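Protein chains: 2
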Amino acid sequence: MQNTRSDCPISCSLDVFGDKWSLLIIRDVMLRGKVSYSEFLKSEEKIATNILVNRLNILEVENILSKQVSTTNKSKFIYSLTQKGADLLPIVIEMMDWGAKYNANCPRRELGKKIKKDKSAVIKELSQALKKQFKN
Amino acid sequence: MQNTRSDCPISCSLDVFGDKWSLLIIRDVMLRGKVSYSEFLKSEEKIATNILVNRLNILEVENILSKQVSTTNKSKFIYSLTQKGADLLPIVIEMMDWGAKYNANCPRRELGKKIKKDKSAVIKELSQALKKQFKN
DNA sequence: CTTTGTTGTTGCATTTTGCAAGGACAAATA
DNA sequence: TATTTGTCCTTGCAAAATGCAACAACAAAG
Numbered sequence: 055m056q057n058t059r060s061d062c063p064i065s066c067s068l069d070v071f072g073d074k075w076s077l078l079i080i081r082d083v084m085l086r087g088k089v090s091y092s093e094f095l096k097s098e099e100k101i102a103t104n105i106l107v108n109r110l111n112i113l114e115v116e117n118i119l120s121k122q123v124s125t126t127n128k129s130k131f132i133y134s135l136t137q138k139g140a141d142l143l144p145i146v147i148e149m150m151d152w153g154a155k156y157n158a159n160c161p162r163r164e165l166g167k168k169i170k171k172d173k174s175a176v177i178k179e180l181s182q183a184l185k186k187q188f189k190n
Numbered sequence: 055m056q057n058t059r060s061d062c063p064i065s066c067s068l069d070v071f072g073d074k075w076s077l078l079i080i081r082d083v084m085l086r087g088k089v090s091y092s093e094f095l096k097s098e099e100k101i102a103t104n105i106l107v108n109r110l111n112i113l114e115v116e117n118i119l120s121k122q123v124s125t126t127n128k129s130k131f132i133y134s135l136t137q138k139g140a141d142l143l144p145i146v147i148e149m150m151d152w153g154a155k156y157n158a159n160c161p162r163r164e165l166g167k168k169i170k171k172d173k174s175a176v177i178k179e180l181s182q183a184l185k186k187q188f189k190n
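First to last, the sequence lines map onto chains W and F.
Just so we're aligned, residue 55 is where the first sequence starts under the working numbering, counting upward by one.
Just so we're aligned, residue 55 is where the second sequence starts under the working numbering, counting upward by one.
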């Protein structure tokens, strides 16, 4: 990060992922097991290809996602979370909880109900699971 | 919110405050006791006046901020958090913690150190304090 | 009755986004 | 070997958002 607006940690966080798309990619990797460009493209929010490439590059440069060539297909890349990326979990969970609480059209599904019941347990559980998947 | 991209709560949250500025205004109200247009303008990130007006309007329409005429100055507006706005506290705290952890140029000040020591205690404490300030 | 403070608006250049089309390359298939 | 399919990424262009500077409306203060 070069052009930071201030030394406020909230501002610095927003400098990196303060847009409408970055955290949706993180969500896909973190909670939906998606790992590739084509899988991200299929998400219901319909991200444009140029935006997707741009965000993947930023997230890689920021060391939030790690990019590796697929072992089964040399023209395919596999994205995975770094420790830094996995540490975004609490933010994602809190946003999920807030969004579900204040949007009637956002039904709580399995994970949403777990969060409502015991948020910190969900975070602890999922962060354990994510630890096994770090690359770099 | 009309043009939601999907019924995912994370996506719906980002539809509302997924940009580089909205949460900085929230931060100013929530953690720095700022309440007015002119105070928001003074923040170190130097938000432009048209962006500030636009975001204040959105946050008011979304019922995150409440706007009231100042009792001492009829041409001045006082912004305060609603319950919905105060419920953004965990997100703000988590972003603060993540930003401080991964930015060497973001020194943890008093609040940052408290968060590192016992995050949930800070959230509980601050949400109690915010409850006393709700409008509408 | 002029000055100051506060909350905006407007115009315009720059940047970012959205959308459609297509290109490069490897793997799979005929 | 030739063709098709899948994957990742680029390009061009219109639309929208942002940044910046100037200014307008209005009330309070002196």
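Even for Gly, the Cβ is constructed at its ideal location relative to N, Cα and C.
From a predicted model like this one, the values you see are computed outputs, not experimental measurements.
Expected contact under 8 Å - CB spacing of residue i and residue j to nearest Å
i                         : j                        : result
serine 120 of chain W     : serine 134 of chain W    : 5 Å
isoleucine 132 of chain F : valine 70 of chain F     : Not confirmed; about 22 Å, so no contact.
valine 176 of chain W     : lysine 168 of chain W    : 5 Å
glutamate 148 of chain W  : glutamate 148 of chain F : 6 Å
Straight-line Cα distance separating residue j from residue i
i                         : j                         : result
lysine 100 of chain F     : asparagine 108 of chain F : 15 Å
tryptophan 152 of chain F : leucine 110 of chain F    : 26 Å
threonine 58 of chain W   : glycine 166 of chain W    : 34 Å
glutamate 98 of chain W   : leucine 184 of chain F    : 36 Å
aspartate 172 of chain W  : asparagine 127 of chain F : 45 Å
methionine 150 of chain W : tyrosine 156 of chain W   : 10 Å
alanine 102 of chain W    : alanine 158 of chain F    : 33 Å
Classification of residue i by the beta-carbon crowding that lies within 10 angstroms, buried from 16 upward
i                        : result
proline 161 of chain W   : exposed
leucine 95 of chain W    : exposed
alanine 140 of chain F   : buried
glutamate 179 of chain F : exposed
lysine 138 of chain W    : buried
alanine 154 of chain W   : buried
serine 67 of chain W     : buried
serine 174 of chain F    : exposed
glycine 87 of chain F    : exposed
Member of the options whose CA lies at the smallest distance from the CA of residue i
i                         : options                              : result
leucine 78 of chain W     : W:Ser174, W:Val176, W:Ile145         : W:Ile145
asparagine 104 of chain F : F:Tyr91, F:Lys155, F:Phe131          : F:Tyr91
cysteine 62 of chain W    : F:Ser67, F:Arg81, F:Ser65            : F:Arg81
isoleucine 64 of chain W  : F:Lys74, F:Ser181, F:Glu116          : F:Lys74
lysine 130 of chain F     : F:Gln187, F:Ser60, F:Glu93, F:Gly72  : F:Glu93
lysine 262 of chain W     : W:Glu114, W:Met84, W:Glu116, W:Ser76 : Residue numbering for chain W in the displayed model covers 55 to 190; residue 262 of chain W lies beyond these limits and cannot be assessed.
threonine 136 of chain F  : F:Ser76, F:Leu113, F:Leu106          : F:Leu113
leucine 143 of chain W    : W:Ser60, W:Gly72, W:Ala102, W:Gln182 : W:Gln182
leucine 106 of chain W    : W:Val115, W:Ile118, W:Ser76          : W:Ser76
Residue i Cβ short of 7 Å to the ligand FAD heavy atom set
i                    : result
serine 90 of chain W : Summarising the ligand content, the structure contains no ligands, and the ligand FAD is consequently not present.
4 or more residues per run - each alpha helix (DSSP H) lying fully within the stretch 74–139 of chain F: 76–86, 91–95, 103–115
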